[in-house]
Amino acid sequence: MTKKIAFQGELGAYSHEACAQNYPDMKPLPCRTFEDVINAVNSKDAEFAMLPVENSTYGRVADSHRLLPSSDLHIVGEAFTRVRISLMAMPGAELSDIKKVRAHTVLLPQAAAFLNKHNIHPESAVDSAGAAAELVESGDMTSGVLASEFAAQIYGLNVLAKNIEDHGHNTTRFLVMSRDCDLSERGDTGMLTSFIFRVRNLPAALYKAMGGFATNGVNMTKLESYMVDGHFTATQFYADIEGHPEDENVKRALDELSYFTSEITILGTYPRAPERAGTTD
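Residue numbers (the numbering used here): 88 to 368.
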């Protein structure tokens, strides 16, 4: 049987594109919410989950980050997808015909310069790929959609303009999650380890906890704080570090971290994506 990979959104979403690029042999399973994505893997309806966690323009995807600690899943990979925005419309429509476009709220400001130049009115949609499907159903020749060229191919829409995003670096990072983890895996471009921890209620506890990574030469690439139990005092953190827990320097750093924390949970150890290592564009 073909294994499935779950993602949030409609077919043609950027998350679907990330699935197709990185797992072309797996069947995509669209889900309504991020919770549904995680539940699909936990219930064995899907083998993997593809979750966006941060964007180079807009920062972290808060809904995904919120779910990571309690997901019961393991991070087994990461993927990067460039957010290339295309303006698509019904076959036969010209750019001069388009009076308004629909797209996800986050996507619209990313093409503001192009829309202003062509006097096109932006309207928010719940999902850009879903807006593409709705456009096909309506047949409106004066409306367009901002989404990926991948979505245009799926829904049979014509691309009137490509790469209209204001920032050419716009990229989304995804985490690939599974019910199982494989600590024996080693990547050609190095490994990453993601974990969450809670610092003890001690003066300078976070500062001291971080010291072990510096003294042992472990590079920390990400550190995010979480609100715990509705309190505004941030005591739980998410971190990405370079290396594997079985590496001697990582072992020493995690051992030192344990002195200043009440809880450490490793979410996953996985190969660094080639894009992070700088081996692809």
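Note that CB positions come from ideal geometry on N, CA and C, so glycine has one too. Since the structure is predicted, the reported quantities are computational estimates derived from the model, not experimental observations.
DSSP three-state assignment for lysine 249, whether helix, strand or coil: Coil at lysine 249, not helix or strand.
Aspartate 150, enclosing alpha helix (DSSP H) - first and last residue: Residues 149-154.
Tyrosine 357 versus glutamate 104: straight-line alpha-carbon distance, rounded: Distance from the CA of tyrosine 357 to the CA of glutamate 104, rounded to the nearest whole angstrom, comes to 21 Å.
When Gly231, Ser183, Ile241 are compared against histidine 191, the one with the closest alpha-carbon: Checked all of Gly231, Ser183, Ile241; the closest Cα to histidine 191 is Gly231.
When Asn288, Leu310, Gly217, Gly99 are compared against histidine 152, the one with the closest alpha-carbon: Taking only the C-alpha atoms, the option nearest histidine 152 is Leu310.
Candidates Phe261, Asn245, Leu341, of which the one nearest glutamate 165 by Cα: Closest by C-alpha distance to glutamate 165, out of Phe261, Asn245, Leu341, is Phe261.
Span of the beta strand (DSSP E), counted from its first residue to its last, around asparagine 142: In the DSSP annotation of this structure, the continuous segment of the beta strand (DSSP E) that includes asparagine 142 starts and ends at 135-142.
Three-state secondary structure assigned by DSSP to phenylalanine 121: Of the three classes helix, strand and coil, the one that applies to phenylalanine 121 here is helix, per DSSP.
Option in Pro117, Phe167, Met264 with minimal Cα separation from histidine 161: The shortest C-alpha to C-alpha distance from histidine 161 to any of Pro117, Phe167, Met264 is the one to Met264.
Three-way DSSP call (helix, strand, coil) for phenylalanine 260 in this model: Going by the sequence as given, residue 260 is arginine instead of phenylalanine. Of the three classes helix, strand and coil, the one that applies to arginine 260 here is strand, per DSSP.
Same chain, Cβ closer than 6 Å to alanine 292, five either side skipped, listed in chain order: Sequence-distant Cβ neighbours of alanine 292 in its own chain, meaning closer than 6 Å and more than five residues away, are Val286, Phe347.
Counterpart residues of leucine 233 in DSSP-defined beta bridges: DSSP links leucine 233 through a beta bridge to Leu174.
Close-in-space but distant-in-sequence residues of the same chain around asparagine 245 (CB under 8 Å, 5 per side omitted): Scanning its chain for C-beta atoms nearer than 8 Å, with the 5 sequence neighbours on each side dropped, one finds around asparagine 245 the residues Met175, Ala176, Met177, Pro178, Gly179, Ala180, Ala239, in chain order.
Where methionine 137 falls, given that 16 or more other Cβ within 10 Å makes a residue buried: Flag for methionine 137 reads buried.
Residues bridged to leucine 310 [DSSP beta-bridge criterion]: In the DSSP assignment, leucine 310 is bridged to Ala326.
Glycine 299 and alanine 340 closer than 8 Å at C-beta: Cβ distance < 8 Å, so glycine 299 and alanine 340 count as in contact.
Assigned secondary structure, methionine 278 (DSSP; H/G/I helix, E/B strand, else coil): Methionine 278 carries a strand assignment under DSSP once its states are collapsed to helix, strand and coil.
Beta-carbon proximity of leucine 182 to alanine 248, cut-off 8 Å: Going by C-beta atoms, leucine 182 is nearer than 8 Å to alanine 248.
Simplified DSSP state of arginine 273, which is helix, strand or coil: Note: arginine 273 maps to coil in three-state DSSP.
Candidates Val315, Arg266, Pro332, of which the one nearest lysine 131 by Cα: If we check each option's Cα against that of lysine 131, Arg266 comes out closest.
Residues that serine 211 bridges to, as DSSP identifies them: Looking at the DSSP assignment, serine 211 forms a beta bridge with Ala190.
Length of the line joining the Cα atoms of aspartate 112 and leucine 98: If I take the Cα positions, the gap works out to 16 Å.
Local conformation of phenylalanine 347 per DSSP, three classes: For phenylalanine 347, the three-state secondary structure derived from DSSP is coil.
Arginine 189 versus glutamate 236 - alpha carbon distance: Cα-Cα distance, rounded: 15 Å.
Contact set for isoleucine 241: own chain, Cβ-Cβ below 6 Å, skip 5 residues either direction: If we look at isoleucine 241 and ignore the five residues flanking it on each side, its Cβ neighbours are Leu98, Gly99.
Exposure label - glutamate 134; buried when at least 16 CB within 10 Å: That one is buried.
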